[in-house]
Amino acid sequence: MDRAKVAALADEPLDWRFKALPPSAWGLTVREFLAEKPTLADFGTPLLTLDASALDHNLRTMAAWCAEAGVGLAPHGKTTMAPALWQAQIDAGSHGITLANLPQLRVARAFGVDRVLLANTLLDPAGLAWLARELDGDPGFAFTSWVDSAESVRLMDEALRAAGAGRQVEVLVELGGPGGRTGVRDLDTALEVARAVRAAPTLRLAGVGGYEGALAHDATETGLGTVRAYLRSLAELHRRMGDLYDGEEVVVSAGGSAYFDTVVEELSPSDPATRLVLRSGAYLVHDDGFYRGISPLARGAGTPFRSAMHGWARVVSRPEPQLSLLDAGKRDLPYDEGMPEPQRSSAGPGDLSGARVTALNDQHAFLRDAGDLAPVGAVLRLGLSHPCTAFDKWTLIPVLDDADGPDPRVVDLVRTFF
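Mapping of the sequence shown onto my numbering: position 235 corresponds to residue 378, and the numbering continues sequentially without gaps.
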């Protein structure tokens, strides 16, 4: 990455555009504001924060796990869309950054990311023309995307020819599964796609890829069995495509944040010319919901990750004894993989295990059964589920030195680009 551009984020002026910030920060740069040693108490609600120690723990834990397993990691950057966090992941040994679409790719190139895996098929002619210019203008830029039909191969080749592309675009044949997302549904068709790639002068067949997380949503025996069967089909496709590869390094890529241990068990190559690349993205932030329950490291595959994100919301109404309304809603907190989890209250120590958020409106949360721990004016810390739908709601996210402390200090501000 371009370290100077990432570092320059500390010189960005702060103002009313960043909803997380107090007015006392307006007119200062990020660097100047942090030099004043602000604390959590200086910020209003609603708020999303990150925990510095948990981020560091998760970063080191995943890097060590991948190194021990002998696999590459291209973390999915769409989770955070935060170049400073991408830089930390690359510094920790990541193979590159995975992205999902053209706008995300443009953010990555703006910050000098030089190895990108696009876990999608790029068919937009204008986008392909821009990509061709990026590749031709930067010999150090390595880019790989997916294809799942002969028609997508034809369209890519046609657009790249029209753009006068000088470098071939590397592609992986994507294998899907019944009821899943994109991807060829059977091996014979996948081989036809691979042959189409070999015949397209603007493309290079670089391997196979797919996403097992689209086929299961739990770690039950049935769910894991579905994942394992899919991965075995992906391994078989890679084996059958052996004669179509051109002798250069080949990539096999799968692995979100829910089943990366099974991916390694089923896809670890015996051929030294094949590189297995995981694309886990949620591990860095983790959560207090979906990933807390399904992560391989929570199921005995290693040292567990820690949730690095929290929501903070204030009680603005208590119209019924066991109903409190908080000032954070769908515009502020993730809710697609579970409601926020009440964890602690500024009203004092006490057990919130029986309290629950039952619904979110655009700007309010319905908190029930918190009793005297949720009086009007109290601030609650909330555990959150699914980082992929948390970061997109915030353009600037405070990083705390210790989210469990009595008045945590803000040690960084993470800029996102959605």
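We put the CB at the ideal spot given by N, CA and C, even for glycine.
| Query | Result |
| --- | --- |
| Run of the beta strand (DSSP E) containing L346, from where it starts to where it stops | 346-352 |
| Buried versus exposed, by CB contacts within 10 Å (16 or more), A521 | buried |
| Per-residue DSSP class, three states only, for M452 | strand |
| Cut-off 7 Å between Cβ atoms - residues of its own chain near F433, not counting five sequence neighbours on either side | E480, G481, S528, H529 |
| Short Cβ contact (8 Å threshold) for L543 with D185 | no |
| Burial state of A570 (16 or more Cβ within 10 Å) | With the chain covering 144 to 561 only, the question about residue 570 has no answer from this structure. |
| For D505, three-class secondary structure by DSSP | coil |
| Reduced DSSP secondary structure (H/G/I, E/B, other) of P462 | strand |
| 6 Å CB neighbourhood of A197 in its chain, flanking five on each side removed | R449, A451 |
| Inter-residue spacing [alpha-carbon to alpha-carbon] between V173 and W159 | 13 Å |
| Helix, strand or coil at D414 [DSSP, three-state] | coil |
| As assigned by DSSP and simplified to three states, the class of W273 | helix |
| L177, DSSP secondary structure in three states | helix |
| For G220, the three-state DSSP class (helix, strand or coil) | helix |
| T332 versus A243 - alpha carbon distance | 24 Å |
| Burial state of E317, where buried means 16 or more other Cβ atoms lie within 10 Å | buried |
| Endpoints, beta strand (DSSP E) assigned at T241 | 240-242 |
| Spatially closest choice to D154 from D145, R487, G170, by CA coordinates | G170 |
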